[in-house]
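A.B. asks: Pasting in a structure now, in structure tokens, and then I'll have a few things to ask.
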Amino acid sequence: MDLQKMLALWWTVPAGLALLGYACSLAGLTRPQRAVWVTARVVEVDPPGHGESGEHGIPVTIVYQDPGTGREFRLRHENRRGDRVLVAWVGQEFPVRFPRRRPERFFLMLDSEGRTSGVGGPNCCMILLVLGLVVQSFFAWGWQWGLICVGGLLLLVVALSRDGEYARARAAQLAEGVTVQGRVVAVTRDVHSDGEGGESVSHACVVAFSTHEGVEVTALCAQGIRGIAGSLGRDIPLRYAPADPSVLTADPDHERRERTAHIRFVAGLLISGTAAIGVGGYCLHHPWPFT
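Taking this note's numbering, I'd label the letters of the sequence shown as residues 7 to 297.
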């Protein structure tokens, strides 16, 4: 087999990896499926100090129990294992997973939805496979079929995306929310290098507030607050969802702009996908007018 024929079989690699991953998931052999999942409770919140880095989120100390031995573990989390915590309070609960017989090697998850089956890797392989096939369609079948495939891919992205559902749920929660007064207790500072010798500095506010139920909440906010670098000690209004204080915003108008931008983006994908399919289908049976 020559090199050209071998390159034509590139799709077998991502397809094979995806099938292997899905097979392991069905058999219950993926790492998340073999892990132990428990619920951890926050017992201490240690917000970053003024001028410290905010890259690790809000450090918290969590307590959870190993169901196999009944032993309780009290460990500190600083984004080294699992998700970054941006909103925290004492009594907050998170899903935690750890390898069997190794309960100290925990991974904190902000949520477990869609993360217990272990199909994240296979899904990535499928995305690479589809993208590669779309690119190949331009060379194998002609640019008309390539346009149709691109349009189909755009419509598939719109159909499978859950961003809109998440945005609507968040908007509904904030619509029923309440407004409280928060205070900026610290401003984090992080320096980023662009790889060419240049540096940029980013800031985020560490905001503390009390819910109407008396729960002391600490949040890391990077948007919605003007003049973040000089906001230490400033009082700011915060709107949060009573059912889940982690759903909050310092600028409801910014939330609305974000939702409007998302709607425009989705509409653009729909229009572009439909137009690509229409143009490709038309040109399959009619000569391109500009050639």
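Just so you know, even glycine gets a beta-carbon here, dropped at the ideal spot from N, CA and C.
I need the straight-line Cα distance from D259 to L81, nearest angstrom please.
C.D. replies: Their backbone Cα atoms lie some 38 Å apart in a straight line.
A.B. asks: Along the chain, where does the beta strand (DSSP E) that runs through S206 open and close?
C.D. replies: E205 to S216 is the extent of the beta strand (DSSP E) around S206.
A.B. asks: In whole angstroms, what is the alpha-carbon distance linking P105 and T45?
C.D. replies: Roughly 15 Å between the two C-alpha positions.
A.B. asks: By DSSP's criteria, L114 is part of a beta bridge. Which residues make up the other side?
C.D. replies: BP columns for L114 point to G88 and V102.
A.B. asks: From the DSSP output, read off the bridge partner residues of R82.
C.D. replies: DSSP, once it has assigned bridges, lists T67 as partnering R82.
A.B. asks: Please classify S123: does DSSP put it in a helix, a strand, or coil?
C.D. replies: Coil, per DSSP.
A.B. asks: Quick check on the burial criterion: 16 or more other C-beta atoms within 10 angstroms. Buried or exposed for S206?
C.D. replies: By the 10 Å Cβ count, S206 comes out exposed.
A.B. asks: Assign T297 to one of three DSSP states: helix, strand, or coil.
C.D. replies: Only weak support exists for where T297 lies, its pLDDT of 49 falling under 50; the coordinates are left without a value.
A.B. asks: Kindly indicate the opening and closing residues of the beta strand (DSSP E) around Q306.
C.D. replies: Summary: the structure shown does not reach residue 306, with the chain confined to residues 7 through 297, and so no result is reported for it.
A.B. asks: Please say whether L254 and V2 have beta carbons closer to each other than 8 Å?
C.D. replies: An answer regarding residue 2 cannot be provided, because it is not within the stretch 7 to 297 covered by the chain.
A.B. asks: Between S199 and the ligand ATP, is the CB less than 7 Å from at least one heavy atom?
C.D. replies: Summarising the ligand content, the structure contains no ligands, and the ligand ATP is consequently not present.
A.B. asks: Taking W17 and G148 to be in contact with their CB atoms under 8 Å, please state how far apart those CB atoms are, rounded to whole angstroms.
C.D. replies: Not confirmed; about 19 Å, so no contact.
A.B. asks: In whole angstroms, give me the CA-to-CA distance for D72 and E78.
C.D. replies: Spanning the two alpha carbons is a distance of roughly 6 Å.
A.B. asks: With a 10 Å radius around its C-beta and 16 neighbouring C-beta atoms as the bar for buried, classify L1 as buried or exposed.
C.D. replies: Here the chain covers residues 7 to 297 and nothing more, so residue 1 does not appear.
A.B. asks: Does D241 come out as helix, strand or coil in the three-state DSSP assignment?
C.D. replies: Three-state result, D241: strand.
A.B. asks: Excluding the five sequence neighbours on either side, which residues of its own chain have a C-beta within less than 6 Å of the C-beta of S143, listed in chain order?
C.D. replies: Correct list, in chain order: W151, G152 and C155.
A.B. asks: Could you check where the alpha helix (DSSP H) with Q39 kicks off and where it finishes?
C.D. replies: Looking at the DSSP string, the run of the alpha helix (DSSP H) that includes Q39 is R37 to R40.
A.B. asks: Between the C-alpha atoms of T297 and R168, what's the straight-line distance to the nearest angstrom?
C.D. replies: Here T297 scores only 49 on pLDDT, less than 50, and its place in the model should not be relied on; the value that follows carries that caveat. Spanning the two alpha carbons is a distance of roughly 41 Å.
A.B. asks: How should V190 be labelled, buried or exposed, when 16 other C-beta atoms within 10 angstroms of its C-beta is the threshold for buried?
C.D. replies: Buried, because 16 or more other Cβ atoms sit within 10 Å of the Cβ of V190.
A.B. asks: For Q187 and P243, which I take to be in contact (beta-carbon distance under 8 Å), what is that distance rounded to the nearest angstrom?
C.D. replies: Yes, they are in contact, since the Cβ atoms of Q187 and P243 sit about 6 Å apart, within 8 Å.
A.B. asks: Helix, strand or coil for Q229, going by three-state DSSP, please let me know.
C.D. replies: In this structure, Q229 counts as coil in the three-state DSSP scheme.
A.B. asks: Do P128 and M115 have their C-beta atoms within less than 8 Å of each other?
C.D. replies: No, Cβ-Cβ distance for P128 and M115 is not below 8 Å.
A.B. asks: Closer than 6 Å by C-beta to E84: which residues in its own chain qualify, once you throw out the five before and the five after it? Chain order, please.
C.D. replies: H62 and P65, listed in sequence order.
A.B. asks: Less than 8 Å between the beta carbons of A192 and H209, yes or no?
C.D. replies: Taking 8 Å as the Cβ cut-off, A192 and H209 do not qualify as a contacting pair.
A.B. asks: Could you work out which residue in G120, E119, C211 and I133 is closest to L25 when comparing CA atoms only?
C.D. replies: With distances taken between Cα atoms, L25 lies closest to I133.
A.B. asks: Taking 8 Å as the limit between beta carbons, can you name the residues of its chain near S216, skipping five residues before and five after?
C.D. replies: Taken in chain order, the residues that qualify are V186, E222 and V223.
A.B. asks: For the beta strand (DSSP E) that contains H198, what are its first and last residues?
C.D. replies: H198 -> beta strand (DSSP E) spans V184 to S199.
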